[in-house]
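Everything below concerns the one structure shown next.
2 protein chains.
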Amino acid sequence: MTTTSQLLPISQIAQHYQIHDDYLIPHGKYVAKIDLSIIKANQNNEQGKLVLVTAITPTPLGEGKTVNTIGLSEGLNYIGKKAIACIRQPSLGPVFGVKGGAAGGGQAEVLPMETLNLHLTGDIHAITAAHDLASAAIDSRLYHEERLGDEFTAKTGLARLNFDKERIIWKRVIDHNDRALRHVTVGVGGGVNGIERRDGFEITAASELMAILALANDLQDMRKRIGNIILAYNTDGNVITAEDLEVAGAMTVLLKEAINPNLMQTIENTPVLIHAGPFANIAHGNSSVLADRIALPLADYVITEAGFGSDMGMEKFFNIKYRQSGIAPSCVVLVATVRSLKSNSGKFNIKPGQPIPKEITESNVELLEIGAANLAWHIQNAKSYGMPVIVAINRFPHDSEEELAFLQQYALAHGAFACELSEVFIKGGKGAEKLAQHVVKACEMESKVILPYQDDDKLIVKIEKLSQKYGASKVNLAEQALKDIQNIENLHLDHLPLCVAKTPMSISADPALKNVPTNFEIDISHLAISAGAGFIRVYAGNIMTMPGLGTNPAYRQIDIDENGNIVGLS
Amino acid sequence: MTTTSQLLPISQIAQHYQIHDDYLIPHGKYVAKIDLSIIKANQNNEQGKLVLVTAITPTPLGEGKTVNTIGLSEGLNYIGKKAIACIRQPSLGPVFGVKGGAAGGGQAEVLPMETLNLHLTGDIHAITAAHDLASAAIDSRLYHEERLGDEFTAKTGLARLNFDKERIIWKRVIDHNDRALRHVTVGVGGGVNGIERRDGFEITAASELMAILALANDLQDMRKRIGNIILAYNTDGNVITAEDLEVAGAMTVLLKEAINPNLMQTIENTPVLIHAGPFANIAHGNSSVLADRIALPLADYVITEAGFGSDMGMEKFFNIKYRQSGIAPSCVVLVATVRSLKSNSGKFNIKPGQPIPKEITESNVELLEIGAANLAWHIQNAKSYGMPVIVAINRFPHDSEEELAFLQQYALAHGAFACELSEVFIKGGKGAEKLAQHVVKACEMESKVILPYQDDDKLIVKIEKLSQKYGASKVNLAEQALKDIQNIENLHLDHLPLCVAKTPMSISADPALKNVPTNFEIDISHLAISAGAGFIRVYAGNIMTMPGLGTNPAYRQIDIDENGNIVGLS
C-alpha cells in the first residue's frame, strides 16, 4: 500500500512549476493530465537542459535505471535546481505477470504507485481501443467485400480495398501477458462471423500507436501519422493505410485525451511526467516528445530515461526521437551496478528468481574488472553521439569500498566525464547530491549530437553503420530482408531511420554473447515499416511481442485487504 | 461538438447536492467519480423516491427512453424538486458501429457527450482488463498443467485444477463490434504458444463483471462475487471459480476505481450518475445499485432507466436488482410514442435506416388504436409489480392532436395512473413540467413491490411464471435445458432469480410476433449460471453478444477538425 502521507495535491506540485490550473486536467487528487496548449503558451520561455539516462547491458539482477532517473531528479531539486523526470507508463502485462510495477522504489519512487502501475489515466486502454478498432474495421471490410462480391461498390458507394488476406500486417493487441493469443484463427466458421484467417495479438505496448503517441508533435501530427499507418497490402501488392480504410479519424478521436501527458510526483514531491511506453526493440523505447516539450520550459533540468542499454533505447533516442523532435540532450547518465557488471563478465548464467552466485555478492575486483569492459563500451557508445557521459553507480549494500573505488577510477579512465555513487533508493535526493552536481557541470559543456548515419544513406548503409557500432564484423541479409529493402525503397520510405529489433541482453544480436562481443556477425531476417511512427524495423533475432504468464504469476498475490486497500502490488 | 458553455464545473453541481469535495474524485472539469464512502456518511439521511423509466416494446424508430429519463429529471428540478438521473454507460461498440452515442439529445442530453460516449473514466476498459486477465490466467494454467504433467504440483507447489478444455465457459471480451472475434481458435500451433482450443470474444458489456459492477453492494461484496464466478468445469465435472484460480483478487484490484459511480450533468445542470452498462437480455439491464444508493439520500427523486421494454429491463429490475438491493421504486414511467405504437401494430416491417411508411407519419387513429394494445400490455405488466404507472408520450412533430388525445384517454382507460405529453427534447425540463407533477403525485401513493415468483420456487416454476406473464401458453424445455436445471440444482444455485435472455423486439420470445402476442409457446434451449452476478440465464432464442460492423460504420464520419475538436460523433 502506498504511503501518500508525504504527497502534495497535484495542483500544488503544478503551481510550484508554474503550471497554471487552466492547463491541469485532474484525475483524482494526485494525478493530472496537462493540456498540450501549455506548450504554445511557454514556447518563448527559456528551455531547461535535457538529461538522458541509460544503462549498461541489462542483467536479470536489475540495474535500477528507473530508480536513478527518479532519484536524480530528486537530487537536482535537493541541490536547489528545478527538475522534472519524464518516464514511460508501465504495461499491465508485467504488473500481473512477473515483476510487479515500474514506479521506481524506496525513496526514489513515483506515488501513488498503484495508480501508476494500474490504469493511470487510461492511456494504454485508449491505445488498445484505437488499435483494435482498426482490426475490427479490417475484418469487417474484408467480410463485406467478400460477401457482396462485384456488387460491393454499387451497394455501398465505397471503392473496394481488396485486402490480401495473407498480408494483413496489423495484428490485434491486448494489455496482458497472454501466450494463447500469440497465434489465433479469427472468423472461425465463416458465414456472418467473418472471414476465417490467421491472426495474432501483441501486447499493447508493441502497438505502432504507442510509438506514435510517443513521437507525435501535436494532435494534428498524430492524426496524420495514424493515417499513414500501413495496415495491409491489397491483392495488387499496394499498401492499404488507415486513411484508406477511413478509420484514422476515429482512432485519433480515441487518443484525444491520451495525447496529454500525465503529471505525478515522487515521494519527495518532484514532478514526474508519465507518458507512453513503447518497447525499445520493435519501437524506440522512450517516453514522449510532448512530455519533454512540456517539461523543458518549466524546469532547469528534465531527466528522461531510455529503455534497455545504450545500444538500444539510447541509440534509438538519438536516431529516432531526436531526429524527429530536434530536442537534444545535454548529457548522458549511464547507470551501472557492481553486481551487474560482474554478471556482464559472462562467467555466469544468471536467471531471474534464482540464487545469485557468491562470486557476485562477495567483493571481487578481478571479476568486476572483466565485466567493467561492458561499462567502457557503453561510455564510448554514448560519447560517440557527442555527449558527455556521467556514470552513476547504483550502490548496493554488498558493494565493497575497494570495488567502488576501482569502478570510479575505471570509468574516468575510460572516458567518463564523471563517475559518482548513487544512493537514491535509501536516501532519495540526498543520495544523488554529488551526481546532480556533476550533471549540472556536464550540462554546462558545449555538446552537439553526432548521428551515425544520414537520412539519405541507403538502408543497407544505415544497417551496416549501426552494426559496426555494436562491433559486428559482418551483416548478413536474408532473402526476405533484401525483398523488404526493395519494397521500402519502392515506397520511398527508405529515408526513415532504423529501429533495430534485437536482444537487449547483449551488445550484439545474440543474447549468449556477453560483455563486449567482438568478431561476430549480425543476421537480418526481415524488415518492417512503421510508417506512422516514422521508422523502419530491422529484425536481428526473434522478438517476443506477447509475453506469457509463468507458473507463479504475480496476480496470485494481488488482492484487496479488509479495509479495501490494495495488497501484493510492488 | 459539445456546447459546454452552459455547463457548470462538476464540483459546483456536487456542492448543490451536498456532495462534499472529500467524496469527489475529479476527472477533468466536468466529470467526477464519487467515492463510495459517501453512502455510509449519508446512511441516516432521509431517502428520496426512486422512479423507474421503462418503455413499450422497442422499435427501430426509437422511443426516446434515455431522453425522457434525463428530461424527467430536469422536469423535476424545473418544478422545484431535487432530482438526480442514474443511467448506464454506453459501449464503444455502437458508438463506432451503427448509431452513435447514448447521451440523450436536444435539451435532455448529458454533456459533454463526447466524454460520456468515449472512455468516460475508463470503467469499461477496466472491466475488459479484469475479464481478460482471467482468460489469460485460464490459458496459462491450462498450458503449464499440460506442459508439466504429473510434475505440475511438485514443481509449482500448486494443486492441479484440471480444466476440461471443452467446458471453459469464460470467453474473452473486447469493447468493439468485431464479428471476426465471435469464434476464434487460440493457442494455434501449440508448443510455448499455449494449448490450442476454440474460444470466442463477446463485447465487454456482456461480461459477467459488468453485471457484478452493477449489482455489487460495496467493494468487499464485489470481491466476493468475483471469487464466485464460474470460469470452467474440471475433468471431473466440478466448477472452477475465479477464487480457485487465485485471480479474483487481482480482478477486483483492476475494478477498484470502476466501482465508484461517475457524476456528470445534463444541459440544464441536473446531476446524472453514470455507472455500469449491462445488457438487458443476458444480464439485468440496469445501472448500478451503488449509483442509486449514492443518489437516494441526496435527492428528492432519483430517475433510473431500465433497458428495452417492461418485459425485459423492468422485469429484471424487480426480479434481480430489487431482490438483491432491496431498493424499490415508487412508480414506473412508461415511455411511448405515437409512431412506435403504430409500428408495434405489426402491420409493417420497418428496418433501421429505411424510409418510414406514410401510414405511420400521417395521422391515423385507427392504426394507432391497434398498436396501443402494446401500451396497454406494458401498463398492466408494470402494474402487476405493484407500481403506479405514468405513461409519458414522447411527442414528435408529426403527431396529430387527435392521436395524442386518443392515446391519453386510452392509457388512462387501461390502468395508467396518469398519461402526459413529454417535450423534453425541444424544451428540456419545461417540457416535462406536467409529467414531473404526475410523478410527484404517484410517488405519494402507497406502493409495495409484488414479485411474480419466490426465491425458493423450483427453476421450472420460475420459468413458467415469467412465461405466463409474457402471455405464453406453454414452455418447452430442450434436453440441454433440463440437464442445465439439474446441474444448477446440484450446485444449490436454484434459489437465484432468472435472467431471461430473449428478444426485446416482441413480448414473446419470437421477434416476428408483434404487438401483444397470444397463444404462443416459448422454447428454452439452455440455461447458464452467473454465479457472481447472482442470476440464472435462461435462453429463449439466440442472443447476439458480439455485434458486427455494417457496410457504412459510424467510424467513417468520426474525426478531429482543424481545431482539434471531435466531429461526427452524435
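The listed protein sequences derive, respectively, from chains A and B. Reading the first sequence from the start, the letters are residues 199 to 768 in the numbering used here. Reading the second sequence from the start, the letters are residues 199 to 768 in the numbering used here. By construction, the Cβ of each residue, glycine as well, lies at the ideal position given by its N, Cα and C atoms.
{"Query": "Which full runs of the alpha helix (DSSP H) of 4+ residues lie inside the stretch 624 to 653 of chain A, going along the chain?", "Result": "631 to 642"}
{"Query": "Taking the alpha-carbon of A/Leu696 as reference, which of A/Ser704, A/Ser485, A/Asp653, A/Gln684 has the nearest alpha-carbon?", "Result": "A/Asp653"}
{"Query": "Any beta carbon from chain A within less than 9 Å of B/Asp337's own beta carbon?", "Result": "yes"}
{"Query": "For B/Pro555, collect the residues of the same chain with a Cβ closer than 8 Å to its Cβ; drop the 5 residues on either side in sequence, then sort them by chain order.", "Result": "Phe546, Ile548"}
{"Query": "Leaving out the 5 sequence neighbours to the left and right, which residues in its chain are closer than 7 Å to A/Tyr221 when beta-carbon positions are compared?", "Result": "Ile232, Asp233, Ser235, Ile236"}
{"Query": "Does A/Lys353 come out as helix, strand or coil in the three-state DSSP assignment?", "Result": "helix"}
{"Query": "Roughly how many whole angstroms lie between the Cα atoms of A/Ala526 and A/Gln418?", "Result": "23 Å"}
{"Query": "When DSSP labels each residue in this structure, what does A/Gly302 get in the three-state scheme?", "Result": "strand"}
{"Query": "For the stretch 609 to 622 of chain A, enumerate the residues whose C-beta is nearer than 7 Å to any C-beta of chain B, in chain order.", "Result": "none"}
{"Query": "So is A/Lys681 buried or exposed if we call it buried at 16+ other beta carbons inside 10 Å?", "Result": "exposed"}
{"Query": "Am I right that A/Arg172 and A/Ala474 are in contact with their C-beta atoms under 8 Å? What's the rounded C-beta distance?", "Result": "Outside the displayed span of chain A (199 to 768) sits residue 172 of chain A, for which this structure offers no information."}
{"Query": "Mind checking the stretch 357 to 380 of chain B against chain A and listing, in chain order, the residues whose C-beta falls within less than 7 Å of any C-beta there?", "Result": "Ile372, Asp373, His374, Asn375, Asp376, Arg377, Ala378, Leu379, Arg380"}
{"Query": "Closer than 7 Å by beta-carbon distance: list the chain B residues that pair up with A/Leu331, in chain order.", "Result": "Phe294, His374, Tyr753"}
{"Query": "DSSP on B/Thr743, reduced to helix/strand/coil?", "Result": "coil"}
{"Query": "Taking 9 Å as the threshold (beta carbon to beta carbon), is A/Arg396 in contact with chain B?", "Result": "yes"}
{"Query": "Where do the N-terminal and C-terminal ends of the alpha helix (DSSP H) with A/Leu680 fall, by residue?", "Result": "677 to 688"}
{"Query": "State the start and end residues of the unbroken alpha helix (DSSP H) segment that holds B/Phe294.", "Result": "290 to 294"}
{"Query": "Let me see if you follow: with CB-CB separation under 9 Å, is B/Leu290 close to chain A or not?", "Result": "yes"}
{"Query": "Any chance the stretch 537 to 544 of chain B sits against the stretch 711 to 731 of chain B, with 3 or more Cβ pairs inside 8 Å?", "Result": "yes"}
{"Query": "Spatial neighbours of B/Lys667 within its chain, please: CB distance less than 8 Å, with the 5 preceding and 5 following residues excluded, ordered by chain position.", "Result": "Asp509, Glu513, Asn579, Ser582, Pro650"}
{"Query": "Over the uninterrupted alpha helix (DSSP H) stretch that includes B/Ile661, give me the two end residues.", "Result": "657 to 668"}
{"Query": "Where do the ends of the beta strand (DSSP E) carrying B/Phe546 lie?", "Result": "First-last for B/Phe546: undefined, no H or E at that position."}
{"Query": "Just to confirm my understanding: we take B/Asn360, look at its own chain, exclude 5 residues before and 5 after, and list those with CB closer than 6 Å. What are they?", "Result": "Asn432, Thr433"}
{"Query": "Determine which residues of the stretch 412 to 433 of chain A have a Cβ less than 8 Å from any Cβ of chain B, and write them out in chain order.", "Result": "Leu417, Gln418, Arg421"}
{"Query": "So B/Ile492 contacts chain A; which residues on that side make the cut at Cβ distance below 7 Å?", "Result": "Here the premise fails: no neighbours, minimum Cβ distance about 16 Å."}
{"Query": "A/Asn562 versus chain B: which residues are under 8 Å apart at the beta carbon?", "Result": "Here the premise fails: no neighbours, minimum Cβ distance about 33 Å."}
{"Query": "Can you tell me which residues form a DSSP beta bridge with B/Gln418?", "Result": "Answer by DSSP bridge pairing: none, since B/Gln418 is not bridged."}
{"Query": "Exposed or buried, which one is B/Phe399 when buried takes at least 16 other CB atoms within 10 Å?", "Result": "buried"}
{"Query": "Relative to the C-alpha of B/Ile254, which candidate in B/Asn243, B/Asn717, B/His576, B/Val293 has its C-alpha closest?", "Result": "B/His576"}
{"Query": "Return helix, strand or coil for A/Ile393, following the three-state DSSP convention.", "Result": "coil"}
{"Query": "Suppose contacts are defined by Cβ-Cβ distances below 9 Å. Is A/Asn484 in contact with A/Ala493 by that definition?", "Result": "no"}
{"Query": "Tell whether a beta-carbon distance below 9 Å holds between A/Lys279 and A/Tyr608.", "Result": "no"}
{"Query": "Tell me where the alpha helix (DSSP H) around A/Asp330 begins and ends.", "Result": "321 to 346"}
{"Query": "Expressed to the nearest angstrom, what Euclidean distance is found between the alpha-carbon atoms of B/Leu309 and B/Met462?", "Result": "7 Å"}
{"Query": "CA-CA distance, B/Met199 and B/Val765?", "Result": "Legend: pLDDT at B/Met199 = 38, less than 50; position of this residue unreliable, value from coordinates given subsequently. About 6 Å."}
{"Query": "Within 9 Å (strictly less), CB to CB, does A/Pro553 reach chain B?", "Result": "no"}
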